[in-house]
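Those letters in the sequence shown? Residues 992 to 1223, by this note's numbering.
Using N, Cα and C, we set each Cβ at its ideal position, and we do this for glycine too.
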Amino acid sequence: MKAIAQKVINLRNPNFKFDENLNSFALIQFIWIQIGSLTRGFKLLFYFKNPKGMLLGKNVSFFNTPKIKFGKFLKLGNHVYVSGLSKNGITFGNNVSIGAFSRIIVSTSLNNIGNHISIGDNVGIGEFAYLGGAGGLTIGEECIVGQYFSCHPENHIYDNLNESIRHQGVTRKGIEIGKNCWIGSKVSILDGVQIGNGCVIAAGSVVTKSFPDHSVIGGVPAKLIKERTNHG
């Protein structure tokens, strides 16, 4: 049973291998959960979409599915919400995993629709993420991200002291995250930030400015700690 299950999982993750200490009860329970998730994935047929091996947790919901493109083997945890209300849609690459209770929302209003969200192949994001896409959000392939990750590609204008901030409009520059980044838990990235390829962001950081490839950054606001090299 373990060998068969591993071959199936290797279709999504070729490097996966069960730990030799895994007991039979846990394996059977794991397989049962995956069968349930795969079965729920067929709900996409009701939206005239090809599930492509999608694994859906319990109470996953979608809004405006014509604007959502799904890659192969997408995995969405329990209570994930995906809203495709946008100009250019949401795109999930292959083998993307989004943790439970996460929200992927391009627009929160019908009167100023946002741009897009694009998530590359083999990206894994932990539970309780909030991914906004008002000004555009791009996450490169092979990124791994901890819990409570948030991206906010939009800022409120607040220059006029005589007018409510909520009535002064917004600015939108967008957020771009490069390939092969490791982002720790509880990281927030603000509008206008570009993160280079191969960066590492320490847990709890608030990123307010851009950083080049192979940067190790951390803090509030985040600053450069060091640069990654092949020599440590």
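Setting aside the 5 residues that flank it on each side, SER1093 is surrounded in the same chain by VAL1071, ALA1120, each with a C-beta closer than 6 Å to its C-beta; the list follows chain order.
For PRO1203, the closest of GLY1117, LEU1215, ALA1091, LYS1040 by C-alpha to C-alpha distance is LEU1215.
In the three-state DSSP reduction, GLN1185 falls in the strand class (E or B). ILE1180 and ALA1125 have their alpha carbons spaced roughly 13 Å apart.
Every unbroken stretch of the beta strand (DSSP E) spanning 3 or more residues and falling wholly within the region 997-1066 is given here in chain order: 1052-1054. By alpha-carbon distance to LYS1008, the top candidate from LYS993, GLU1118, ALA1017 is LYS993.
HIS1158 carries a helical assignment under DSSP once its states are collapsed to helix, strand and coil.
In the displayed model, ILE1095 falls within a strand according to three-state DSSP. Rounded to whole angstroms, ILE1168 and GLN1138 show a C-alpha spacing of 17 Å. Of the candidates GLY1090, SER1201, ASN1106, THR1162, the residue whose Cα lies closest to the Cα of VAL1097 is ASN1106. No residue range can be given for THR1199, since it is assigned to no beta strand (DSSP E) and is classified by DSSP as neither H nor E. In this structure, VAL1051 is the residue among HIS1205, GLN997, VAL1051 with its C-alpha nearest to the C-alpha of LYS1034.
Under the Cβ criterion (8 Å, minimum of three pairs), the region 1170-1184 counts as touching the region 1131-1147. Judged by DSSP secondary structure, HIS1143 falls within the beta strand (DSSP E) whose first and last residues are 1141-1143.
In the DSSP assignment, SER1206 falls within the unbroken beta strand (DSSP E) covering 1206-1209. Separation of PRO1042 and LYS1078 (C-alpha to C-alpha, rounded to the nearest whole angstrom) is 23 Å. The C-beta of SER1155 has fewer than 16 other C-beta atoms within 10 Å across all chains shown, which makes the residue exposed.
With fewer than 16 other Cβ atoms from the protein chains shown falling within 10 Å of its own Cβ, ALA1017 counts as exposed.
Residue pairing from DSSP places ILE1116 in a beta bridge opposite ILE1089, VAL1136. Annotated as proximal: VAL1198 and ALA1213, with beta-carbon spacing under 8 Å.
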